[in-house]
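In our numbering, the protein residues as written are 47 to 241.
Cβ atoms here follow ideal geometry from the backbone N, Cα and C, with glycine treated the same way.
A quick write-up on the structure given underneath.
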């Protein structure tokens, strides 16, 4: 998707959302930026003046949907709305070195963090370090190298929607496929956007 196509996505409250995010991403180092973005997301989600584009309510059969709803030409960050159908989720994955702030807009998501214990070539040993069920209005952040996690909508009948703000466009990531116990194989994954 090119920059001009991104700037054409309009939705109620877009200017307010962008102003809050622009202020947050200029607040200092990556720890200050992600803290400011977490606070901004927590205040944006319940704000009735900001409504995500209608397409965000439509799940995609077979995988969670990724829709980039804004990309900052000035600051470089990308805002992606994800729609999680019942039972949809991710494997353990990284963010290719990009910080990210994630907030739950609707529904609930099970989020499990993983710690990298060791690496042997393209094999990685991870251990789950805890999980949480994140509900509407909750927001968290990932700063590399602490970026490994898995996300799942555990509902059997409801969709979940989350908003992810990345340092830059996240078009690929590494996912980790279980091999043996705590060992996983690294596989590159393209991250296209859905319409």
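Within the same chain, and ignoring the five residues on either side of residue 199 in sequence, the residues whose Cβ sits closer than 8 Å to its Cβ are 110, 130, 131, 132, 133, 134, 135, 153, 154, 155, 156, 205 and 206. In the DSSP annotation of this structure, the continuous segment of the beta strand (DSSP E) that includes residue 180 starts and ends at 169-180. Assigned with DSSP and collapsed to three states, residue 233 falls in strand. In summary, residue 90 is buried, with 16 or more beta-carbon neighbours lying within 10 Å of its beta-carbon over all protein chains present. Within the same chain, and ignoring the five residues on either side of residue 139 in sequence, the residues whose Cβ sits closer than 8 Å to its Cβ are 194, 195, 196, 219, 220, 221, 222 and 235.
Comparing alpha carbon positions, the residue from 162, 99 and 121 closest to residue 74 is 121. When Cβ pairs closer than 8 Å are counted between the two stretches, the region 64-72 is seen not to touch the region 101-109, the count staying below three. Our two residues, residue 81 and residue 149, have alpha carbons roughly 12 Å apart in a direct line. Closest option to residue 59, judged by alpha-carbon separation, among 173, 92 and 166: 92. For residue 87, the closest of 226, 212 and 158 by C-alpha to C-alpha distance is 212. Contact between residue 124 and residue 215 holds: their C-beta atoms lie close to 5 Å from each other, under 8 Å. Per DSSP, the continuous alpha helix (DSSP H) segment holding residue 90 begins and ends at 76-90.
Per DSSP, residue 60 is one residue of the alpha helix (DSSP H) stretching across 60-71.
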